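What follows is a short report on a single structure.
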Amino acid sequence: MEYDVVIIGGGLSGLTAASLLAKRKIRVAVVEKCYNPGGSCGVFKRGDVTFDQGSAMLYGFGETGFNSHRFVFNSLEEEIDVIQHDLLYCVNYDGHRIKFHLDVDKFVEELSEVFPNEKDGIKRFYKDMGKLYHDVMVENPTYTTADETDLHVALESIKKHPISYLKFLGMLNRSAKKLLEKYFKNPEIFNFFDKMTSTYCYSTVEEAPAILASVMFIDNHVGGSYYPAGSTLFLPGKLEKVIEENGGDMFLDSEAVSILFENEKPVGVLLKDGTTIKGKDIVYSGTVWNLYENLIDSKYTSKKTRTWAKNQEPTYPSVVLYSVVDKEVIPEGTAPIEMLVGSPDRLDEKEVTAYIFSINDRTICPEDVHVVMAIGPSFANWDFDQVLDYRERKKQEEKRLIAVLEDRFPGFSKAVRYAELATPKTLERYNMKNGGAVAGPKQMIGQHMFKRMKTRSQWDNLFCCGESTVMGTGTPTVTVSGISAANAILSKLGKEPFLYKENMKNYVRYLDKPVTKDMLYGGYTQTEKDIMHKALKCRMCEYPTCTKVSDLDVRGIMRRVAVGNYKGAYKAWLKTPMDDKSLIEFESSCILAREGKEPVPIKEIVNFLKEGLDEKGI
């Protein structure tokens, strides 16, 4: 098999690069270890509940600011429905509940009530950072990484606001703490900002580069925070849709084990099952450690490069609690994102962020419950020789996280109907997060910006994107890295890159809160809505009971239909077509049928695809 471009890794950065290239009619293949695309951004199901497995606090869909997700969907001409949260989040800090309002001035007043002696400094700080942000980020929108910035374009922007740009660039090699010291004296407010940078980029104010922190402190207020209506299934699913509608192929449940070389140059990818996929260009969207320690044979790199990669300091390992609780235990006024700070003056395991997206999206669970995902650091040793010891540690961590949530939501422990824990080992197994470091290498002074992996590698046909690259962690930033990788290849091929244009048609739609199932799939016919809702019932089981030993990817077909990716669903069907009798047998073995419920109507959905080929342009 040979393609124009092979993308290793189907996370958001890889999918972004692949979808943009496919839109320009470049033939792409995406290789992803997991059976679902999205990397950390995606879902799994337990019963009637949909869990977001990781990245779900999404920025970048706003009308202004660092809105890379909006830019991508507008460039792809692909509609997506999102929910905007009224608050960015709430921080439960040292006895205070600080609301992060979209209105920066309102937030400044709220923060000043917590630190009254620093009120003037808070006002000056946010005013100055707001001006820098406006002059550098808003007035001249650009969706490219620093290493790929066009110098001519940059100079034109600098001419408009030379002082702002000089101040901004002057922060490149300074820590966030040095920046804050210009405005504040009280050690307690430094502790507060420590928590903010730890949340944004998993590093302290002493570690975090000021140039990134200055953007982070303002950007989220300007752009707002969002959730894809119907769950994060839809964000990677829509990108996959564009890829497959434009002739690209998805190799899911397929682990890349080596980058193949010929004449000292990358030429393709070897999969774990022995399959070889050739590509004229390759995009790598994984971690720096997996690239230089596993995928590239050491004979093609220098010892210096391998040592540099190995010495990249990771962010701390994380654990994630997925839980279903009685609805009434979450009080009115709770924000969908609640940050719980343990000790103001140090990082400890009580530093937990709770995501309760069922507050604004009622499609992800039954009416009488809420879904609570909680993520925080784990400093425990997870290397066990015995499985029983590992399972016991998991139970202990689950109880610990539930106890942390009990402090914020009294009665939480008794209200738990279901709970499941992802350990650092789990995160490494499913998402290839080395050691459970969910944000890859720390974005810290010494390994920040240009001291990280860049878009272009030492080979002219191997490109990189993702959280190990210049922009670091976060869904908007890894999306920008994917844009840069795609544009680098398009420029190389003499094709038009994706650049911001005024008055681009908008394809991002905001839905009113709370979203209910009848609000999904606006713009589709009633027949399509009915079919998509039926497909959405699929549990997308890791070990499907429906197909047993069959190779038919029922869960992949249903997942694609649920987001409107009919062409991709039909392509998946064609790989292992089955007659109606077999499909009916699959229905009888559906996990829903085994629970005494109505099974997913597999035959009806497949026949919908087969009968609608001409109408839907498949």
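Positions 12 to 629 (our numbering) are the ones given, in order, by the sequence shown.
For each residue, glycine too, the CB sits at the ideal point set by N, CA and C.
As the structure is a prediction and not an experimental result, all values here were calculated from the model.
Practice item. Would you mind stating whether valine 294 and glutamate 89 have Cβ atoms separated by less than 8 Å? Key: In this structure, glutamate 89 does not lie closer than 8 Å to valine 294 by Cβ.
Check your understanding: Since alanine 346 contacts cysteine 101 with CB under 8 Å, what's their CB separation in whole angstroms?
Key -> Between cysteine 101 and alanine 346 the Cβ distance is about 4 Å, and since that is below 8 Å, they are a contact.
Review point. Considering only residues of the same chain and omitting the five flanking positions on each side of valine 125, which have a CB-CB separation below 7 Å?
Key: Excluding sequence neighbours, valine 125 sits near His107, Ile109.
Point to revise | Cβ shell of asparagine 8 (< 8 Å), same chain only, five flanking positions each side left out | key: Since the displayed the chain opens at 12 and closes at 629, residue 8 lies outside it and no answer follows.
Practice item. May I ask you to report which of helix, strand or coil DSSP gives lysine 110? Key: Here lysine 110 sits in strand by DSSP.
Review point. Glutamate 507: buried (16+ other C-beta within 10 angstroms of its C-beta) or exposed?
Key: Glutamate 507 is classed as exposed because its beta carbon has fewer than 16 other beta carbons within 10 Å across all chains shown.
**Study point:** isoleucine 91: first and last residue of the uninterrupted beta strand (DSSP E) it sits in
**Key:** Element bounds for isoleucine 91: 91-95.
Point to revise | Enclosing beta strand (DSSP E) for tyrosine 521 [first to last residue] | key: Here the beta strand (DSSP E) through tyrosine 521 covers 519-521.
Review point. Is the region 355-368 close to the region 189-208, with three or more CB pairs under 8 Å?
Key: Yes, since at least three Cβ pairs between the region 355-368 and the region 189-208 fall closer than 8 Å, the two stretches touch.
Review point. First and last residue of the alpha helix (DSSP H) that includes valine 381?
Key: Reading off the sequence shown, one finds histidine at residue 381, where the question assumed valine. Segment 380-388 is the beta strand (DSSP E) holding histidine 381; no alpha helix (DSSP H) there.
Exercise for review: Check whether the Cβ atoms of alanine 240 and aspartate 92 lie closer than 8 Å to each other.
Suggested key: Aspartate 92 sits close to alanine 240, with the two beta carbons spaced by under 8 Å.
Practice item. For threonine 486, count neighbouring Cβ atoms within 10 angstroms of its own Cβ and tell me buried if that reaches 16, exposed if not. Key: By the 16-neighbour rule on beta-carbons within 10 angstroms, threonine 486 is buried.
Review point. For phenylalanine 195, does the three-state DSSP call read helix, strand or coil?
Key: Note: phenylalanine 195 maps to coil in three-state DSSP.
Check your understanding: How would you call asparagine 371, buried or exposed, if buried means at least 16 neighbouring beta carbons within 10 angstroms?
Key -> The residue is buried, with at least 16 neighbouring Cβ atoms inside 10 Å.
Point to revise | Residue from Trp470, Phe245, Glu615 with nearest C-alpha to lysine 545 | key: In terms of Cα proximity to lysine 545, the closest of Trp470, Phe245, Glu615 is Glu615.
Practice item. Below 7 Å CB to CB, which residues in the same chain sit around phenylalanine 597 once its five sequence neighbours on both sides are set aside? Key: Setting aside the 5 residues that flank it on each side, phenylalanine 597 is surrounded in the same chain by Cys557, Thr558, Val565, Ile613, each with a C-beta closer than 7 Å to its C-beta; the list follows chain order.
Practice item. Specify the secondary structure class of glycine 457 as computed by DSSP and reduced to three states. Key: Under the three-state reduction of DSSP output, glycine 457 falls in the coil class, being neither helix nor strand.
**Study point:** Nearest residue (CA-CA) to phenylalanine 368, options Phe82, Leu69, Ala40
**Key:** When each option's Cα is compared against that of phenylalanine 368, the closest is Leu69.
Point to revise | From Ser236, Ala391, Trp319, residue whose alpha carbon lies closest to that of glycine 73 | key: Comparing Cα positions, the closest option is Ser236.
Check your understanding: At which residue ranges does the region 447-534 contain complete alpha helix (DSSP H) runs of 4 or more residues, listed in the order of the chain?
Key -> The qualifying runs are 486-503.
Review point. In chain order, what residues of the same chain lie with their CB nearer than 6 Å to the CB of valine 427, ignoring the 5 residues before and after it?
Key: Around valine 427: Ser334, Val336.
Review point. Along the chain, where does the alpha helix (DSSP H) that runs through proline 277 open and close?
Key: Proline 277 -> not in any alpha helix (DSSP H); beta strand (DSSP E) instead, spanning 276-282.
Check your understanding: Any idea if glutamine 397 is buried or exposed, counting beta-carbon neighbours within 10 angstroms, 16 or more meaning buried?
Key -> Exposed.
Check your understanding: By how many angstroms is the C-alpha of glycine 477 removed from the C-alpha of threonine 484?
Key -> Each residue's Cα considered, the two are about 8 Å apart.
Exercise for review: Give the DSSP-derived three-state secondary structure of valine 42 in the structure shown.
Suggested key: DSSP places valine 42 in strand when its eight states are reduced to three.
Review point. Buried or exposed: where does alanine 219 fall if 16 or more other Cβ atoms within 10 Å of its Cβ makes it buried?
Key: Per the 10 Å Cβ criterion, buried.
Practice item. Tell me, please, which residues DSSP counts as bridged to proline 328. Key: Ala448.
Check your understanding: Smallest Cα separation from leucine 246: which of Lys134, Ala448, His80?
Key -> Checked all of Lys134, Ala448, His80; the closest Cα to leucine 246 is His80.
Point to revise | Spatial neighbours of lysine 516 in its chain, beta-carbon cut-off 8 Å, leaving aside the 5 residues before and after | key: Excluding sequence neighbours, lysine 516 sits near Asn85, Glu88.
Point to revise | Segment contact, 8 Å Cβ cut-off, at least three pairs: the region 458-472 with the region 151-170 | key: Segments in contact, yes.
Check your understanding: How many Å lie between glutamate 255 and glycine 344 at the Cα?
Key -> Straight-line Cα distance between these residues: approximately 42 Å.
Review point. So is valine 340 buried or exposed if we call it buried at 16+ other beta carbons inside 10 Å?
Key: Answer is buried; the Cβ neighbour count reaches 16.
Point to revise | Contacting residues, own chain, Cβ-Cβ under 7 Å from valine 119 (five flanking each side not counted) | key: Ile133, Lys134, Tyr137, listed in sequence order.
Check your understanding: Taking the alpha-carbon positions, what's the valine 679 to alanine 580 distance?
Key -> The displayed coordinates of the chain run from 12 to 629. Any statement about residue 679 would go beyond what the structure contains.
Practice item. Figure out for me which residue from Gly25, Ile18, Cys45 has the closest Cα to the Cα of cysteine 552. Key: With distances taken between Cα atoms, cysteine 552 lies closest to Cys45.
Review point. Straight-line CA distance for leucine 250 to histidine 172?
Key: Leucine 250 and histidine 172 have their C-alpha atoms roughly 36 Å apart.
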